[in-house]
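In full-length UniProt numbering, the protein residues as written are 1 to 780. The structure appears below as C-alpha cells.
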C-alpha cells in the first residue's frame, strides 16, 4: 500500500537541496509545545543520506536503513518517552556525502523529512524549521576507506557542541530553507524500513594497554589524511595500564603529541563519543582505529598502500570550556589510539562508544563439553552480530557492504542464532533492485561499485529465493522477483558456449567463485555447476507456483548442462575444472568442483571417488592442492561432508582452523589474512555457528518451514546442549555420557516431526518429546 503524507510535508535542507553537498552536515531545530502528553507519539522521519535524532537534548536514534531513492526508506519512532508537557525540541543532525559509495547511490539531492500527527497535534518539515549547514566541519577530508564515508574533522571553536540542547540560542540561524514536496523526485515513493531500528548502547572503551609521545610533523594541522599523519609519526607504544573511563594527558608544549592505546577486547561497531575536560582553545584530540596490533611493539597494523586505503580516524579541535562531540559514522574496530596535540595544560579525555547493530536475539544456544568449540561458537555468534547492521555486511571495518555471497551464509547463521528472516528478505529485494541492462545483479547493493558485478553472485541470489522459501515456507520472495530471475536467466542463456555446452567467461564482469586461483577464463566447471544448482532450485520454485512451462525449461536446460559437465569427469571419477580458452580440458580437479558436483547430484556413482580422493583427504590435511577453499567457501564442503556422515571430521577441522580466531574475538576474512589490509571481522566465515549446532545437536532441516527435521547427533565429548529457533518454535537437543550409556532428549515444538536415526536403535519418526538411551561405545 502506498504511503500518503500531508501535502504540506516537505523535504528540506539548508540553502539548497542540490548544491555543494560534498561531505555535507546539516543541523535542524524545531520547537513545539504540548499541553498534555499523547499516549503514543509516532514520528515519521527520514533523510537522504542519513540522520541522527535528538529530543529535548537527548539522543534517540539514527537512520534510515540503506535504500534507493525511487522508494526511499523511512523510520517510524514513538518519541513519547522523550517528550514533556510544555516546550519540546526536536534537533537533528543530518548528513549527505555528495557522492556514492558501497552502501549509497547519490542522486545529487539531500533532504530531511519529518511528519508527526498525534490527536490534534501536527508537525511537518517546512519553512518554519531552523536549520543551517554545520560550521566547523572540514569538508576536504579523505574517505575512511575506499568503500565508506570521509573522516570527520570538527572545530568546536566554531561549532557550539550544545546545538541540540533546548537552551541553545538559535536566533543567529538565518539560513534559508530549501524545500520540495515529500513525493517529488528523486523520492517519488517512500517505504517503511521493514526491519527493526538498530540496537544502540553507549559503552566504555576497554582497557588501556599503551602510551606514546613525540614531536608533531610539520603539517600536522593541515594534513589531509589523519591516519597517514599518525602512521608517519610512529604508531609504536610502550606498555601501560590504567582507567579508560577518564584518560589523563599531562601538559606538553605546542608541536608535540601524546597518545594512549586502548583495547576493547574484541571488535565492536559504533561511533565514538568524546568529552574533553580542561582543554584550552586549539587543543587537538584525535581517535584512530584498527583491527589488529603487533603485540610485541604495541604497534597497530596500518597498511598505507592497501587497496581499500583504510584511514579510520577523526579529529576534534577544542574550544575553551565544554568540549563534547559525537562523531557521526559508525565503523568496526578493536583498538583505538587517542592522540592529543598542543595541550599546554593537563587535560582529561573521556572516550566512549555508541554501538550500533541489528537487534538479534539469543534464541539459539550451543554448549558442549569442549571449551574450544564453545568459544569458537561464541566468536562466530559475535561476528554475526557485528556484521548485522541495516543490512548483512561483509565486515563492520573495511566495507560495510551487503555482499550477497556472504549474505547467504549470514542468513544461515541468523536462522540458527535468532530465527529472524527480515534482514535477509530485505536484502533479497535490494539486490534485485540494482541490475545491469542484461539482468545481472550487482555483487552488493546499493552501490556505485560498477566493478563489483559478479555473475556467480547473481546465481547465488537466485538460490537465496529458494533459501527464503525453505526457511519460511512462503513463496512471496520468488513470486515478487520472478521477473528479475527471468531477465538474469536470459543473460546466462546468451552466454552458453556452443562448443562445450558450459557457461563461458564474460570479461566485462568479475567472476568471483572464491578467493582462490580457480579457473575463470574459458568455460569453468565451477561456474556452470553454480548455474546447475540454481536451475535445480528454480525448477522446484516454478513447480510450486504452478508454472510448469518454466519448470520444464529449467529441467531441460539442467539436463543439457549435466551432459556437458559429465564430459569433464575423468577415469579417476573426479570432475575437472573446465575447458581452457584453447578448448583443452583443464587437468586440475578442484575441491570446489567436487563439492558442487555432490551438491547437484551430478554423478552419484562417482561420489565415493570425490569423497575419498579429494574432500576427505583435504579435510585431513593429506591433499596438497594449490587451490583450496577459503574460510568462506569451505562452508559448502562442510555441509556436503556432514550430510554424508563425516561429522567428526568436520568438527575436528573446525576446531583446528577456527581456534586461532578465538583470541581476536571475531572470525577472519580468510585463514591467513594480511594485517591492516584484510578483515579480521568477517561473517562469511562465521558459519561454524550453525555447523556445530547441526553436528553436535544432530538437528537438520529437511522440509520447508522446518516442518520436518532429521535427528542424528555426533556424540563428541561428554555432553552437548543445542537450541535452534524455527518459525514453529525452539527445537532443543541435549545429551550426556553417563557411564556406559548416552542419555539424551529431543524436544520438538508442535508442528515439527523428526526422523530419528541413532546407532543401535530403529529409525523412527517422532513428535513432541523424545528421550533415548544408547550404548556409549567410548566406554568399551
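Glycine is no exception: its CB is placed at the ideal position from the N, C-alpha and C atoms. Predicted, not measured: the structure shown is a model, and the values here were computed from it.
Stretch pair the segment 340-355 + the segment 244-253: three plus CB contacts closer than 8 Å: yes
CB contact flag (residue 235, residue 61, <9 Å): By one-based count along the chain shown, residue 235 stands at place 235. By one-based count along the chain shown, residue 61 stands at place 61. The answer is no: Cβ separation not under 9 Å.
Minimum C-alpha distance to residue 359 - residue among 390, 489, 329 and 516: Numbered from its first residue, the chain shown carries residue 359 at position 359. Minimum Cα distance to residue 359 is reached at 390.
Coarse secondary structure for residue 24, derived from DSSP in three states: Reading the chain shown from its first residue, position 24 is the one you call residue 24. Of the three classes helix, strand and coil, the one that applies to residue 24 here is strand, per DSSP.
Stretch pair the segment 577-597 + the segment 511-531: three plus CB contacts closer than 8 Å: yes
Whole beta strand (DSSP E) elements within the segment 34-94, 3-residue minimum: 42-48, 50-55, 58-63 and 72-78
Given residue 777 as reference, the closest of 742, 763 and 432 once Cα atoms are compared: Position 777 of the chain shown holds residue 777. It is 742.
Three-state secondary structure assigned by DSSP to residue 149: Along the chain shown, read from residue 1 onward, the residue named residue 149 stands at position 149. Three-state DSSP puts residue 149 in coil, outside helix and strand.
Segment contact, 8 Å Cβ cut-off, at least three pairs: the segment 18-37 with the segment 205-213: no
Beta strand (DSSP E) runs wholly inside the segment 283-355, at least 3 long, in chain order: 284-290, 313-317, 323-326 and 331-341
Backbone secondary structure at residue 658 - three-state DSSP: Taking the chain shown and counting its residues from 1, the one referred to as residue 658 is at position 658. Residue 658 falls in the helix class under three-state DSSP.
Helix, strand or coil at residue 10 according to DSSP, with G and I counted as helix: What you label residue 10 is simply residue 10 of the chain shown in a count that begins at 1. Strand at residue 10.
Delimiting residues of the alpha helix (DSSP H) encompassing residue 484: Against the chain shown, residue 484 aligns to sequence position 484. Here the alpha helix (DSSP H) through residue 484 covers 482-494.
Sequence-distant residues of its chain with Cβ nearer than 6 Å to residue 397 (five each side left out): On the chain shown, residue 397 is found 397 positions in, with the first residue counted as 1. Taken in chain order, the residues that qualify are 291, 332, 679 and 681.
Where residue 364 falls, given that 16 or more other Cβ within 10 Å makes a residue buried: For the purposes of this step, residue 364 is taken as residue 364 along the chain shown, with counting starting at 1. The residue in question, residue 364, is buried, as its Cβ has 16 or more Cβ neighbours within 10 Å.
Residue 558 - containing alpha helix (DSSP H), residue span: As a first step, residue 558 is located in the chain shown; it is residue number 558 there, counting from the start. From DSSP, the alpha helix (DSSP H) with residue 558 extends over 548-566.
Exposed unless 16 or more other CB atoms sit within 10 angstroms - verdict on residue 81: Start at 1 with the first residue of the chain shown, and residue 81 comes out as number 81. With fewer than 16 Cβ atoms within 10 Å of its Cβ, residue 81 is classed as exposed.
Paired residues, beta bridge with residue 369 - DSSP: The residue given as residue 369 occupies position 369 in the chain shown. Bridge partners of residue 369: none, in fact.
Residue 249 in three-state terms, based on DSSP: Numbered from 1 along the chain shown, position 249 holds the residue referred to as residue 249. If DSSP states are grouped into helix, strand and coil, residue 249 belongs with the strands.
Integer-rounded CB distance, given that residue 710 should sit under 8 Å from residue 755: What you label residue 755 is simply residue 755 of the chain shown in a count that begins at 1. What you label residue 710 is simply residue 710 of the chain shown in a count that begins at 1. With a Cβ gap of about 5 Å, residue 755 and residue 710 count as contacting.
Inter-residue spacing [alpha-carbon to alpha-carbon] between residue 643 and residue 712: For this step, residue 643 is matched to residue 643 along the chain shown. For this step, residue 712 is matched to residue 712 along the chain shown. Their backbone Cα atoms lie some 10 Å apart in a straight line.
Residue 700 versus residue 470: straight-line alpha-carbon distance, rounded: By one-based count along the chain shown, residue 700 stands at place 700. By one-based count along the chain shown, residue 470 stands at place 470. Answer to the nearest angstrom: the Cα atoms are 12 Å apart.
Closest by C-alpha distance to residue 270, when choosing among 195, 386 and 194: If you number the chain shown from 1, residue 270 lands on position 270. Of the candidates 195, 386 and 194, the one whose C-alpha sits nearest the C-alpha of residue 270 is 386.
Buried versus exposed, by CB contacts within 10 Å (16 or more), residue 169: Along the chain shown, one-based indexing puts residue 169 at 169. Exposed, since its Cβ has fewer than 16 Cβ neighbours within 10 Å.
Reduced DSSP secondary structure (H/G/I, E/B, other) of residue 414: Counted from its first residue, the chain shown places residue 414 at position 414. Reduced to three states, the DSSP call for residue 414 is helix.
Cβ neighbour criterion (16 or more within 10 Å) applied to residue 254: Sequence index remark: in the chain shown, residue 254 carries index 254 (1-based). Exposed.
Cα-Cα separation between residue 129 and residue 461, rounded to whole angstroms: For the purposes of this step, residue 129 is taken as the residue at position 129 of the chain shown. For the purposes of this step, residue 461 is taken as the residue at position 461 of the chain shown. Spanning the two alpha carbons is a distance of roughly 44 Å.
Spatial neighbours of residue 97 in its chain, beta-carbon cut-off 8 Å, leaving aside the 5 residues before and after: Position 97 of the chain shown holds residue 97. Result list for residue 97: 21, 22, 23, 24, 49, 104, 106, 149 and 150, in chain order.
Proximity of residue 416 and residue 693 at Cβ, strictly below 9 Å: Residue mapping note: residue 416 aligns to position 416 of the chain shown, counting from 1. Residue mapping note: residue 693 aligns to position 693 of the chain shown, counting from 1. Cβ atoms of residue 416 and residue 693: closer than 9 Å.
Buried or exposed by the 16-neighbour rule on C-beta atoms within 10 Å, applied to residue 219: As a first step, residue 219 must be located in the chain shown, where it is residue number 219. It counts as exposed.
CA nearest to the CA of residue 738, picked from 715, 313, 306 and 591: Within the chain shown, the letter at position 738 stands for residue 738. Selected option, being the one with the closest Cα: 715.
Whole-angstrom C-beta distance between residue 300 and residue 337, which should lie under 8 Å: As a first step, residue 337 is located in the chain shown; it is residue number 337 there, counting from the start. As a first step, residue 300 is located in the chain shown; it is residue number 300 there, counting from the start. Indeed, because the Cβ distance is near 6 Å, the residues count as touching under 8 Å.
Alpha carbon of residue 226 to alpha carbon of residue 567, nearest angstrom: In the chain shown, counting from the first residue as 1, residue 226 sits at position 226. In the chain shown, counting from the first residue as 1, residue 567 sits at position 567. Approximately 57 Å between the Cα atoms of the pair.
Inter-residue Cα distance where the pair is residue 27 and residue 132: What you label residue 27 is simply residue 27 of the chain shown in a count that begins at 1. What you label residue 132 is simply residue 132 of the chain shown in a count that begins at 1. Each residue's Cα considered, the two are about 6 Å apart.
CA nearest to the CA of residue 792, picked from 267, 481, 10 and 654: This structure gives no information on residue 792, because the portion of the chain shown stretches from 1 to 780.
Residue range of the beta strand (DSSP E) that includes residue 267: Taking the chain shown and counting its residues from 1, one reaches residue 267 at position 267. Residues 256-277.
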